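> Once you've had a glance at the structure underneath, I'll fire off some questions.
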């Protein structure tokens with residue numbers, strides 16, 4: 001699996017009634033609104049953004065921001081790997097469990113402390129963040145649910161086979177699996 005390429009992480013503090021004119025980047029950008037109340041216009045849509053919301057803009061996509069209150073914004077620039085092709089842009093995300101914010105803060109600490117291989121660590125953390133987002137967008141595991149069961153039986157046929165374990169592998173209850 002290829003990692004995305006970390007490009008930058010910037011932290012901005014904007015005052016109330018600040019307007020960031022239309023601009024674009026040569027990479028993807030995840031814009032995370034840490035607090036406040038803002039509106040972002042992109043691709044003919046207007047998104048109302050509050051604390052814990054974020055947007056992902058694809059490469060060269062013009063976007064702007066109107067900050068209706070004092071706001072802190074984290075901007076993560078990255079070049080996605082092929083595996084991130086399922087990444088949804090033009091969607092307002094909500095970070096209910098703050099997992100995205102935690103990863104952005106880890107990336108920010110890496111860029112500030114600049115320990116050995118910090119750039120690689122930032123790419124790893126960016127990959128973890130993007131993988132979490134693409135998993136949210138994926139349908140449930142679609143492989144035949146009995147493939148792992150058959151593989152287990154083929155590998156363990158000379159020993160006692162635990163039906164409870166096979167039920168868990170297949171996603172069925174023990175009673176239904178028997």
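Numbering (UniProt numbering), first residue to last: 1 to 178.
Even glycine gets a Cβ: it sits at the ideal position worked out from N, Cα and C.
Keep in mind that this is a model prediction, so the values were computed, not measured.
Look at residue 59 and residue 43 and say whether their C-beta atoms are less than 8 Å apart.
No, Cβ-Cβ distance for residue 59 and residue 43 is not below 8 Å.
> Compute the distance between the beta-carbons of residue 63 and residue 22, then report whether it is under 8 Å.
The answer is yes: Cβ separation under 8 Å.
> Please tell me whether residue 114 and residue 70 are closer than 8 Å, where the distance is taken between their beta carbons.
Not a contact, by the Cβ cut-off of 8 Å.
> When we look at the beta-carbon of residue 132 and count the other beta-carbons within 10 Å, is it buried (16 or more) or exposed?
The residue is exposed, with fewer than 16 neighbouring Cβ atoms inside 10 Å.
> Terminal residues of the continuous beta strand (DSSP E) containing residue 42?
That run of the beta strand (DSSP E) goes 37-42.
> Do you know how far the Cα of residue 6 is from the Cα of residue 116?
Approximately 15 Å, taken between the alpha carbons.
> In three-state DSSP terms, what is residue 79?
Residue 79 falls in the strand class under three-state DSSP.
> When you compare only the Cα positions, how much space is there between residue 102 and residue 74?
If you take the alpha carbons of residue 102 and residue 74, they lie about 12 Å apart.
> Which partner residues does residue 64 have in the DSSP bridge list?
Residue 64 pairs with 41.
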